[in-house]
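Everything in the sequence shown is counted per the numbering used here, starting at 1 for the first residue and increasing by one.
Note that CB positions come from ideal geometry on N, CA and C, so glycine has one too.
All values derive from a computational prediction rather than experimental measurement.
Notes for the one structure printed next.
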Amino acid sequence: MTVSWNDILKLPEGALAGERRVPKTQLAEQARLAKAPAASVKLLDKLRDIRFFASLNKSNSRILPVKNDAYDIESVIFLTCGLNSTTGIAEALRMVHGCFPNPTVILAEGFANPGIAVSAALRRKNLAEHGAFVTERISSSGLFKVENPEYAPFLERLSFAMLPQTTLMDYLIALGDRTLLARSVKALGFYPVCKDSDVDLLMGHVKAMNALTSKINELNDARKSKDATLADTTKLRIEMRKLEQQRESVMDEIKEICQ
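Below, the structure written as structure tokens:
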């Protein structure tokens with residue numbers, strides 16, 4: 001790894017784990033125990049050099065755990081890994097998140113395509129199966145270059161001191177929200193920052209924008225399909241334009257909030 005992650009995260013020294021290697025065989029076994037499909041386990045080939053970077057808990061951070069009927073959060077696990085591919089990365093990281101009962105933050109660095117990515121997952125108890133956990137939400141930044149100035153505000157906001165320290169759940173959710181905002185940089189051209197009172201409104205708009213972007217990309221892939229007829233491509237182009245107009249409207253609202 002070439003990125004000095006704790007220069008960014010600034011986690012307490014006591015939380016750092018020495019970057020012990022996590023064998024893929026161990027993750028594959030955990031994935032099977034978590035009943036992940038066999039095809040998902042094969043996605044591990046897209047990752048390399050997975051390491052245990054840090055474990056943030058009450059003893060090393062003074063941040064309170066969360067234990068109730070829905071959650072059992074005694075620590076937040078940080079992993080580093082390399083990316084062997086530029087495709088299927090989200091699915092591969094989702095599978096790794098699912099190997100741990102704890103919330104996890106994956107700090108990824110690309111090799112096939114230089115850049116970094118952050119992915120944060122909140123896990124909760126599976127109420128239908130005692131002792132099992134399910135992924136409640138995943139927030140991913142997408143791949144970006146660490147030297148890109150547009151992402152500097154995002155990296156600054158990952159610093160330990162700039163995240164809430166009331167509970168481990170509050171810390172993880174805030175980190176995840178900031179990571180989700182980073183996914184909008186490519187579309188907006190800047191990292192969205194607003195007043196504390198407008199955060200919920202901003203998050204709603206960014207989620208809407210990201211959903212529209214995903215739908216536009218799906219339609220564009222369908223339009224480029226060899227099976228698409230001229231009538232199909234015309235219809236898809238019209239649908240895409242409508243969604244693009246909706247996205248532009250949402251982006252204008254985001255820019256207004258961030259002024």
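The beta-carbon separation of G176 and A211, rounded to 17 Å, does not stay under the 8 Å limit for a contact.
Of the residues assessed, V134 falls on the exposed side of the cut-off, its CB having fewer than 16 other CB atoms within 10 angstroms. Between R157 and A70, the C-beta spacing is not below 8 Å. Assignment of N68 by DSSP, reduced to helix, strand and coil, places it in the coil class.
Look at the beta carbons and you see the segment 83-96 not touching the segment 52-64: under three pairs across the two are nearer than 8 Å. With fewer than 16 other CB atoms across the displayed protein chains lying within 10 angstroms of its CB, F111 is exposed. In this structure, G189 sits near E150, with a CB-CB distance shorter than 8 Å.
Contact between the segment 224-232 and the segment 199-208 is absent, with fewer than three C-beta pairs closer than 8 Å.
Shown here for G14: same chain residues with a beta carbon closer than 7 Å to its own, the five before and five after excluded, namely N60 in chain order. Where A161 is concerned, there is no enclosing alpha helix (DSSP H), because DSSP gives it neither an H nor an E.
Shortest Cα-Cα distance from V206 to any of N220, T179, S197 involves T179. Look at A120 here: in three-state DSSP terms it is strand. Annotation: I216 to K235 spans about 13 Å, alpha carbon to alpha carbon. Counting other Cβ atoms within 10 Å of its Cβ, S75 reaches 16 or more and is therefore classed as buried. About 19 Å separates the CB atoms of A117 and K10; that is not less than 8 Å, and the two are not in contact. In chain order, A132, F133, V134 place their CB closer than 7 Å to the CB of N126, counting only its own chain and leaving out the 5 sequence neighbours on each side.
Where V146 is concerned, there is no enclosing beta strand (DSSP E), because DSSP gives it neither an H nor an E.
Scanning L155, P164, C258, C99 for the CA closest to the CA of D198 turns up C258. In this structure, A187 and M95 do not form a Cβ contact; the two beta carbons are roughly 27 Å apart against a cut-off of 8 Å. Following the DSSP letters along the chain, one finds V185 inside the alpha helix (DSSP H) bounded by residues 185-188. The continuous beta strand (DSSP E) containing G18 extends over residues 16-21. In this structure, the alpha-carbon of L181 lies about 21 Å from that of D7. Here N68 is exposed: its Cβ has fewer than 16 other Cβ atoms, across all protein chains shown, within 10 Å. Here L9 carries a helix assignment [DSSP, helix/strand/coil]. For R62, the number of other beta carbons within 10 angstroms of its own is below 16, and it is reported as exposed. Going by C-alpha positions, T80 is about 18 Å away from Q30.
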